[in-house]
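What follows is one structure encoded as structure tokens, with my remarks underneath.
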Amino acid sequence: MSETTAQTEIRSPTDPESPPFLQIRNITKRFGAFVAVDNVSLDIHQGELFCLLGGSGSGKSTLLRMLSGFETPSSGQILIAGKDQAGVPPYKRDTNMMFQSYALFPHMTVEKNIAYGLKREGVPRAEIATRVTDMLSLVKLNGFAARKPNQLSGGQRQRVALARSLIKRPKLLLLDEPLGALDKKLREETQFELIKIQETLGVTFVVVTHDQEEAMTLSTRMGVMADGKLVQVGAPHEIYEYPRSRFVAEFIGSVNIFEGRIEQDGEDHAVIGSPDAGMGIYLSHGITGTLGQEVAVAVRPEKIRIGKSPMEDLPNTTQGTVDEVAYMGNLSVFHVRLETGKIISVSQSNLVRSPEDAITWGDRVTLGWDGAASVVVPS
Amino acid sequence: MTPPPLLAQGLQGFLNGARRIGLTGRGLVIAIPLVWLIVFFLIPFLVVGKLSLSEAAIALPPYSPLMEWIDGVLSIHLNFNNFLFLADDSLYLNAYVESAKIAAVSTFFTLLIAYPMAYMIARAPDHRRHLLLMLVVLPFWTSFLLRVYAWIGFLKGNGVINTLLIWLGITQEPLRMLQTDFAVYIGIVYTYLPFMILPLYATLVKLDKDYLEASADLGARPAMTFLTVTLPLSLPGVIAGCMLVFIPAVGEYVIPALLGGPDTLMIGRVLWNEFFANRDWPVASAVAIVMLVVLLVPIMVLRRAQAAEEGATP
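This is how it looks when you write it as structure tokens:
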């Protein structure tokens, strides 16, 4: 990749004109009778930071291991830069991997660990030295070259692992839970560092993670995996705001789900009759589906307004009693019990330090949300 | 379940007694093996040491006392002639060198055979691994002597191997294998193989598969991964296994006696001859002491190396 393309628009590099850098075509992996990865197809473009998000056993790590060559697909095809990877052993692939355990060689110093890949390539000694030094400063580990891995903190080890996987300038870097072993604070800092490094080098990253916040922060695009299938692919905000299935809606963030049937479906509006909510839920857009079809309406807690006065400006309003209040500092989460018995979760930013009419346990409140706030997903 | 009152009382009494002389539970745990080592190792060692400094005599026991009390005069005789004699007669030096050579060569071949076996066992699936480990330990269930005798049956002139070779037409005449150094090597390698496999297995089974994958991912072919990652990381097992084989092999008596020829000169045999054929206990003791010192030096060097290694990577 040339310098100019690396500089421009790395965060939204998806150029539909150029052929995808990584093409995964109908990949299936079976372990005996168990299908770990089920007919997954995915295109990833040069310079993307793509996150594979899923729970444990969703097949995300198996998919990553097939990209690096440690597992052989049962069927399907993987192309990297247009080249079929079938039968190419890991040590001949242009990919590098950062392991969840970091897998730093315990008997080698930081310097030797990082230099390992270059030595295997037969790069001249002097060049190895300069490249290792450059890499050490990129990950801010100057002065740690002579340490052994067990003399480093978790965060430092993570950066050595990253440096070691980047030293060969791979076109595709695979990261298996790269921040999984770090504590929360360090993880948040490191996320941005990782993005910065990825932008600087212009390397295509494929990151496997089970942490949805991490996936949302890091990725230019992400794919949600469940039971070996790729359920939805899109930019983080697409996945969050327009989940295409109930699974995705519930998996990413928290959500209130109302079961119901389609009562009206017009060009510019629709109504879902929901016994759960005890009302017809109004949507300000048409939906695809037949009248009477069972669907679920998903509304995110932060999209619901909570207050003690009626909300005439909102098409959807209902009343309830506050069951629980969870104060989390930046926001408060209320669990409101509707007359139907359904419990709705609502979050509110704490804009005022100590509001006088603060909502508290047992209060009668009105909940309201806009016609565009909810998403209809198949039930 | 509560222990019977009498036993509990006795135990309590014992613990109280131990506490009175300054021994706590922790101290006791250390004291028991310490007492064991003093009684069964240090004291016999001192006895042998004393013997090596005494003079051979035609008496019962066949040596002169170290100290004598005659007419109010205490005379201590320290006889270093035994050691000087060892240095004088090249037989002993040859025996030491030959023993060390046989032990070293056998250790090398044991390692060569044991490493792939240990590696395979460590990489085998769980259920099969236990079975394979069982098979490694299984020979211990029959007498060592019996197993060495079985090798005689294999190696002798009209034994299994020669019969097979002649039947296959590979040789016309039976090969002379028994009573050669070759037979001694076979015997030692065979006997000590489990002692090499087990420590190797213990380090190899702990070797994280991620290291191997990381190495492959960084462009190392399997052979290179073995040389740069697997082998260095299994070095503690290699050292432990080699010590477990080399040390007893140097002093091995039974195997050279049964399988070796008259010209197989090993220190264990020399020791036996001095003790039982010559009845020269002082010289025999001196041989034993020198052997111990000769063995102690490499062990201490290795330990120091290991300690330094561990010190660098705590």
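Residue numbers (our numbering), protein chains in the order written: chain A, 1404 to 1782; chain B, 6 to 319. Idealized CB from N, CA, C, for every residue including glycine.
Notebook entry, point to check: Between the C-alpha atoms of B/Phe159 and B/Asp268, what's the straight-line distance to the nearest angstrom?
Noted result: 21 Å
Check: Would you say B/Tyr216 reaches chain A, if we count a Cβ-Cβ gap shorter than 9 Å as a contact?
Finding: yes
Next item on the list: Measure from the C-beta of B/Arg226 to each C-beta in chain A and report whether the shortest distance is under 9 Å.
Entry: yes
Notebook entry, point to check: Is DSSP giving A/Gln1503 helix, strand or coil here?
Noted result: coil
Item checked: Test: B/Thr233 CB closer than 9 Å to a CB of chain A -> yes
Notebook entry, point to check: Does any residue of chain A bring its CB to less than 9 Å from the CB of B/Asp131?
Noted result: no
Margin query: In whole angstroms, give me the CA-to-CA distance for A/Ser1504 and A/Ile1707.
Written below: 41 Å
Check: By a C-beta neighbour count over all protein chains shown, 10 Å radius and 16 as the cutoff for buried, is B/Val298 buried or exposed?
Finding: exposed
Notebook entry, point to check: Since A/Tyr1643 meets chain B, which of its residues come closer than 7 Å, beta carbon to beta carbon?
Noted result: Those do not exist, as A/Tyr1643 stays about 33 Å from chain B at its closest Cβ, beyond 7 Å.
Next item on the list: Kindly indicate if chain B contains any beta-carbon less than 9 Å away from that of A/Gly1557.
Entry: no
Margin query: Under DSSP, the alpha helix (DSSP H) around A/Ser1788 begins and ends at which residues?
Written below: This structure leaves residue 1788 of chain A out entirely; chain A is present only between 1404 and 1782.
Notebook entry, point to check: If we cut at 9 Å on Cβ distances, does A/Pro1423 have a partner in chain B?
Noted result: no
Margin query: Could you check whether the Cβ of A/Met1500 sits closer than 9 Å to any Cβ belonging to chain B?
Written below: With a threshold of 9 Å between beta carbons, A/Met1500 makes contact with chain B.
Check: Hey, would you say B/Leu180 sits closer than 9 Å to B/Leu170, going by beta carbons?
Finding: yes
Next item on the list: State yes or no: is the C-beta of B/Pro253 within less than 9 Å of the C-beta of B/Tyr197?
Entry: yes
Next item on the list: Report the three-state DSSP secondary structure of A/Ser1540 (helix, strand or coil).
Entry: helix
Checklist line | According to DSSP, residues forming a beta bridge with A/Arg1708 | finding: A/Gly1771
Checklist line | Presumed contact (8 Å Cβ cut-off) between A/Gly1771 and A/Asn1719, rounded CB distance | finding: 6 Å
Note to self: Within a Cβ cutoff of 8 Å, which residues of the same chain sit near B/Thr72, ignoring the five residues on either side of it in sequence?
What the structure shows: Strictly speaking, residue 72 of chain B in this sequence is Met, with Thr absent from that position. Same-chain partners within the cutoff: Leu79, Ser80, Ile81, His82.
Notebook entry, point to check: DSSP three-state call for A/Gln1696: helix, strand or coil?
Noted result: coil
Checklist line | CA-to-CA distance, B/Pro241 to B/Thr318, given in whole angstroms | finding: At B/Thr318 the pLDDT is 45, less than 50, meaning the model places this residue with poor confidence; the figure from the coordinates comes in the next sentence. In this model, B/Thr318 and B/Pro241 are separated by some 13 Å (Cα to Cα).
Item checked: Runs of beta strand (DSSP E) lying entirely within the stretch 10-51 of chain B, each at least 3 residues, in chain order -> The qualifying runs do not exist here; there are none.
Notebook entry, point to check: How would you write the range of the beta strand (DSSP E) that B/Glu73 sits in, first residue to last?
Noted result: 72-75
Checklist line | Chain-order list of residues whose beta-carbon lies under 7 Å from that of B/Ile294 (same chain, five-residue window excluded) | finding: Val53, Gly54, Ser57
Item checked: Sub-9 Å separation of A/Gly1583 and A/Thr1623 beta-carbons -> no
Note to self: Under 9 Å, Cβ to Cβ, is there at least one residue of chain B near A/His1510?
What the structure shows: Taking 9 Å as the CB threshold, A/His1510 lines the interface with chain B.
Note to self: So, at 8 Å on beta carbons, what are the nonlocal neighbours of A/Asp1487 in its own chain, with the 5 sequence-adjacent residues on each side left out?
What the structure shows: Gln1480, Ile1481
Notebook entry, point to check: Are any of the Cβ atoms in chain A nearer than 9 Å to that of B/Ala312?
Noted result: no
Checklist line | Residue burial classification, A/Glu1366 (beta-carbon count within 10 angstroms, cutoff 16) | finding: Because chain A here runs from 1404 to 1782, residue 1366 of chain A falls outside it and cannot be looked at.
Next item on the list: For B/Ala123, count neighbouring C-beta atoms within 10 Å of its own C-beta (all shown protein chains included) and say buried if the count is 16 or more, exposed if not.
Entry: buried
Note to self: Using beta carbons (cut-off 9 Å, strictly below), is A/Pro1581 in contact with chain B?
What the structure shows: no
Check: Just the Cα atoms here: how many angstroms apart are A/Ser1405 and A/Ala1548?
Finding: Note that A/Ser1405 has pLDDT 41, beneath the 50 cutoff, so the model's placement of it is unreliable and no number is given.
Margin query: When you compare the CB positions of A/Val1778 and A/Ala1701, do they come within less than 9 Å of one another, or not?
Written below: yes
Next item on the list: Return helix, strand or coil for B/Leu83, following the three-state DSSP convention.
Entry: coil
Check: Under the rule that 16 or more other beta-carbon atoms within 10 Å means buried, what is B/Val142, buried or exposed?
Finding: exposed
Next item on the list: Pull out every residue of the stretch 1520-1550 of chain A whose Cβ sits closer than 7 Å to any Cβ of chain C, in chain order.
Entry: Protein chains in the displayed structure are A and B, and chain C is not among them.
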